[in-house]
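Right, one structure below, let's go through it.
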Amino acid sequence: MNNQGYTLDAFTKNGSGGNPAGVVLESDLLGKSEMQMVARKIGLSETAFVQHSNDADFKMSYFTPNSEVNLCGHATIAAFSLMRLEKKVSIGSYTLETKAGLLKATICDDNQIYLSQTLPNFYEQPDKEEIARSLNVSTSDFDENLPIEVVSTGLRDILVPIKNVRLLNKIKPDFSRIINVSKKYQVIGYHLFTLNTENNLTAYCRNFAPLYSIPEESATGTSTGALTCYLYKYNKTKGNEMLSFEQGYSMKRASSLFSKLTVKNRTITRIEVGGTASNVRRQNISI
């Protein structure tokens, strides 16, 4: 069986950089084992499979090279960008069935695409020493004004505040230890960030998910959503404003992500993360 696959760079900055994702359109005839095989052949951190849904406009399934995950922000941005190019969707909002729940994707007239995420859940605060050992850093490198915390807006991540950009960029993690910690806390991985930024950015970030065969990722939409809610919880943002994040500099793939947090009476009612995708490439895949 031959399948038409695509790859796009999502969350690009000025048309370059970003995080490459795989997309397979019209994949109703593929079973989970076949999707896994296709994702492994495409070989990127995640591949989105677009399917028919009885409950929403579309259903999407997401696979890393070694397993299925509930949601992937950058692969969703890539998929809707591709569907717009293929004239399967136009400017407007669409409902999306995922294993993380029923979500909404909005296509704007400036080619930005925003994906809603599930409302946040805040969990445990892992031991700082344990996290420091896995990152080969000292606990003094952490921002003492913020906690290390497990947060989810669809996928569980450990959010790790770092003091400044210099410390963030020099980190060389111990991936075997991150895998063990990720299993212990049942998370996808670590999302490191610093608020010590320039050019009115909200944060610079790095993301490690070796448990899912992703040593480092250049743009992570779901983690950006979790971080946005975390920053509001700890009074670092006001809510009802646009936030901007950059990621991928350590990989020489500068990426730009935006988030919108809707707050009513101090309660988060909606979280969206968006950006653009470009550089479409086609790939025939035999399984």
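Residue -15 in our numbering sits at position 3 of the sequence shown; the count goes up by one each step and never skips.
From the three backbone atoms N, C-alpha and C, an ideal C-beta is built for every residue, glycine too.
Looking only at its own chain, which residues have a Cβ that is under 7 Å from the Cβ of A21, when we skip the five neighbours before and after it?
So the list reads G4, T29, F45, T46 and P47, once near-sequence residues are dropped.
Which residues in the same chain have their Cβ closer than 6 Å to the Cβ of D125, if we skip the five residues on either side of it in sequence?
So the list reads P143 and K145, once near-sequence residues are dropped.
Closest to S226 by CA distance: which of I250, R235, G256 and N217 is it?
Out of I250, R235, G256 and N217, G256 has the C-alpha closest to the C-alpha of S226.
Shortest alpha-carbon distance to G(-3) belongs to which of N93, S195, T204 and I160?
G(-3) has its Cα closest to that of N93, out of N93, S195, T204 and I160.
Which stretch, first to last residue, makes up the alpha helix (DSSP H) that contains A208?
Segment G203 to K215, the alpha helix (DSSP H) holding A208.
Taking the alpha carbon of Y76 as the reference point, which residue from E254, A38 and K165 has its own alpha carbon closest?
Considering only alpha carbons, the answer is A38.
Excluding the 5 residues preceding and the 5 following E50 in the sequence, name in chain order all residues of the same chain whose CB lies nearer than 8 Å to its CB.
Same-chain partners within the cutoff: K14, M17, Q18, S43, Y44 and K81.
Pick out the complete beta strand (DSSP E) segments inside the segment 46 to 75, 3 residues or longer, and give them in chain order.
Complete beta strand (DSSP E) runs here, min 3: none at all.
Ignoring anything shorter than 4 residues, give me the alpha helix (DSSP H) runs that lie fully in the segment -1 to 43, in order along the chain.
Qualifying alpha helix (DSSP H) stretches, in chain order: 14 to 24.
Which runs of the alpha helix (DSSP H), 4 residues or longer, sit entirely within the segment 132 to 177?
Within the segment 132 to 177, the complete alpha helix (DSSP H) runs of at least 4 residues are 147 to 152 and 157 to 167.
If you follow the beta strand (DSSP E) that L97 is part of, which residue opens it and which one closes it?
It spans I95 to Q99 - the beta strand (DSSP E) in which L97 sits, taken as one unbroken run.
Give me the residue from N182, R159 and L243 with the minimum Cα distance to A190.
The identity of residue 190 in the sequence shown is Phe, whereas the question assumes Ala. For F190, the nearest C-alpha among the options comes from R159.
Thinking C-beta only, is V32 closer than 8 Å to L7?
Taking 8 Å as the Cβ cut-off, L7 and V32 qualify as a contacting pair.
Is S98 near E223, with beta carbons less than 8 Å apart?
No, these two residues do not count as a Cβ contact at 8 Å.
Return yes when the Cβ of A201 is within less than 8 Å of the Cβ of G230, no when it is not.
Cβ distance < 8 Å, so G230 and A201 count as in contact.
From the DSSP output, in three-state form, read off A191 for me.
Of the three classes helix, strand and coil, the one that applies to A191 here is strand, per DSSP.
According to DSSP, simplified to helix, strand and coil, what is S232?
Here S232 sits in helix by DSSP.
Taking the C-alpha atoms as reference points, what is the distance between S120 and A114?
Straight-line Cα distance between these residues: approximately 6 Å.
Helix, strand or coil: which one does DSSP assign to L288?
Any question about residue 288 goes unanswered here, given that the chain covers just -17 to 269.
Assuming contact is defined by CB atoms lying nearer than 8 Å, are A208 and L101 in contact in what I supplied?
No, the Cβ-Cβ distance between A208 and L101 is not below 8 Å.
Do you know offhand how far N261's Cα is from E79's?
Going from the Cα of N261 to the Cα of E79 covers about 26 Å.
Am I right that Y186 and L243 are in contact with their C-beta atoms under 8 Å? What's the rounded C-beta distance?
Wrong, their Cβ atoms sit about 19 Å apart, outside the cutoff.
Thinking C-alpha only, which one of L177, T179, I130 and E180 is nearest G171?
For G171, the nearest C-alpha among the options comes from I130.
With distance defined between alpha-carbon atoms, name the residue in T135, N178, G203 and R263 nearest to T251.
Residue T135 is the option with its Cα nearest to T251.
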